[in-house]
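Reminder that position 12 of the sequence shown reads as 116 in the numbering used here, one-by-one numbering, no gaps. Using N, Cα and C, we set each Cβ at its ideal position, and we do this for glycine too. The structure displayed is predicted, hence computed values, not measured ones.
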Amino acid sequence: MKFIIGNWKMFPASPSEAKTIFSGIKKSMRGVTHAKVIICPPSLYVAQLALLAAKTKIQIGGQNCFKEDEGAYTGETSPRALRAVGATHVILGHSERRAMGETDSDISEKMSAVIRNKLTVILCVGEKARDEHGGYFNEVSTELRSSLLAFPKNEAKRLIVAYEPIWAIGSRAKRVATPADFREMSILIRRTLTEYFGKKDAFAVPILYGGSVDDHNAEGFLKEGGADGLLIGRVSLDPEKLGMIIRSANTI
Ligand code: 13P
C-alpha cells in the first residue's frame, strides 16, 4: 500500500476552490484500493474537507499544530481540535516551517502532542544542500534523532517519515532528486529508525519522498526508489495530475 499525501501549503485562497479541487481528487479515487490518500489543506479548510471526505477513502491532515491541546495561545492550532474536526494526520517539521524558526525541540514537543491526541505524524526531514563529502547524511540523521527525542517508543505505528531535500522543493528547486538519491537516504533513515524503535517497528514506518514530484517522475520514486509513498506540494492541487499519480501508485 503506497501513501500519496498532498500538502496544499497556503493554497487555494477560498473554500469554494478547495471544495472544487477536493471533488476532483475524490473522483479519481474510483477503483483505487492500494493507495492511501491523505490531503493536508490549510487548517481553515480541515473541518470542511473532513466532512466531504467522511464517506470516502481519503483522509485529511493538518500542516502543523501547537504543542498544547488548549490554552491562551493566540493564533495557534490545537491538535485536539484538529482531531475533533476529523483530521487523522499532521505534518510536522516541514522545511518551510523550520525556515520560519521552528527548531528540532519545538518539533519534538509537537510530536508528543500529536501522539497524545491519537493522530499520526508525518515528519519531514531533509538537507539544505548536498556537499561532496556526504555531510548531508549526518545532517538528516541528526535532524531525525533530535525530532524523535520524546517520541513514545511503542507508537512507531503513528509515524510516517518524509524525506524532502530542501534543494528539490518548490518552483525554485535546483533539480529533482533521483530515485537513487532517495533510495540511498532511505537506507540511512531506516537505520536511524531501527536504532530508536528496534528492527520490527522501524521497518513498518513508511518512508516517503517529497520535492518536485509530478506525474512524470512519481512512478520512478515508488518503483526504482522503493519509496513507500510521496509527499506532494504543487501537483497535489491539480486533481488530474494527482489522479494519475494515485492510479499509478495503486498498481505498484
Ligand atoms: P513541491 O512538490 O511543490 O516541490 O513541494 C514539496 C513539498 O514541500 C511537500 O511537502
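{"Check": "Suppose contacts are defined by Cβ-Cβ distances below 8 Å. Is residue 243 in contact with residue 231 by that definition?", "Outcome": "yes"}
{"Check": "Quick one: using the 10 Å Cβ neighbour count with 16 as the cut-off for buried, is residue 170 buried or exposed?", "Outcome": "buried"}
{"Check": "Determine the burial state of residue 109: buried for a count of at least 16 other Cβ atoms within 10 Å of its Cβ, exposed for fewer.", "Outcome": "buried"}
{"Check": "Of all the alpha helix (DSSP H) runs that stay within the bounds of the region 211 to 297, which reach a length of 4 or more residues?", "Outcome": "239 to 252"}
{"Check": "To the nearest angstrom, how far is the alpha carbon of residue 144 from that of residue 153?", "Outcome": "9 Å"}
{"Check": "Quick check: the Cα distance between residue 275 and residue 326, rounded to an integer number of angstroms?", "Outcome": "22 Å"}
{"Check": "Does DSSP put residue 171 in a helix, in a strand, or in coil?", "Outcome": "coil"}
{"Check": "Where does residue 194 fall in DSSP's three states?", "Outcome": "strand"}
{"Check": "Measuring alpha carbon to alpha carbon, tell me which of 148, 178, 293, 319 ends up nearest residue 345.", "Outcome": "319"}
{"Check": "Please work out which residues of its chain come closer than 8 Å, Cβ to Cβ, to residue 254, disregarding the five sequence neighbours upstream and downstream, and give them in chain order.", "Outcome": "212, 213, 215, 216"}
{"Check": "Determine the closest residue to residue 194 out of 330, 241, 150, with distance taken between C-alpha atoms.", "Outcome": "150"}
{"Check": "Given a cut-off of 8 Å, decide if residue 352 and residue 331 are closer than it, judged by their beta-carbon atoms.", "Outcome": "no"}
{"Check": "Tell whether a beta-carbon distance below 8 Å holds between residue 168 and residue 178.", "Outcome": "no"}
{"Check": "If you reduce the DSSP assignment to three classes, tell me which class residue 140 lands in.", "Outcome": "strand"}
{"Check": "For residue 130, I'd like the list of residues in its chain whose CB is within less than 6 Å of its CB, leaving aside the five on either flank, ordered along the chain.", "Outcome": "160"}
{"Check": "Just to confirm my understanding: we take residue 140, look at its own chain, exclude 5 residues before and 5 after, and list those with CB closer than 6 Å. What are they?", "Outcome": "105, 107"}
{"Check": "With burial defined as no fewer than 16 other Cβ atoms inside 10 Å of the residue's Cβ, what is the status of residue 134: buried or exposed?", "Outcome": "exposed"}
{"Check": "Compute every distance between the C-beta of residue 203 and the non-hydrogen atoms of the ligand 13P, then say whether any falls below 7 Å.", "Outcome": "no"}
{"Check": "Excluding the five sequence neighbours on either side, which residues of its own chain have a C-beta within less than 7 Å of the C-beta of residue 329, listed in chain order?", "Outcome": "283, 286, 287, 313"}
{"Check": "By how many angstroms is the C-alpha of residue 348 removed from the C-alpha of residue 175?", "Outcome": "43 Å"}
{"Check": "So is the beta-carbon of residue 356 under 7 Å away from any non-hydrogen atom of the ligand 13P?", "Outcome": "no"}
{"Check": "Skipping 5 residues on each side, what residues in its chain have a beta carbon closer than 8 Å to that of residue 136?", "Outcome": "161, 350, 351, 354"}
{"Check": "Expressed to the nearest angstrom, what Euclidean distance is found between the alpha-carbon atoms of residue 338 and residue 251?", "Outcome": "26 Å"}
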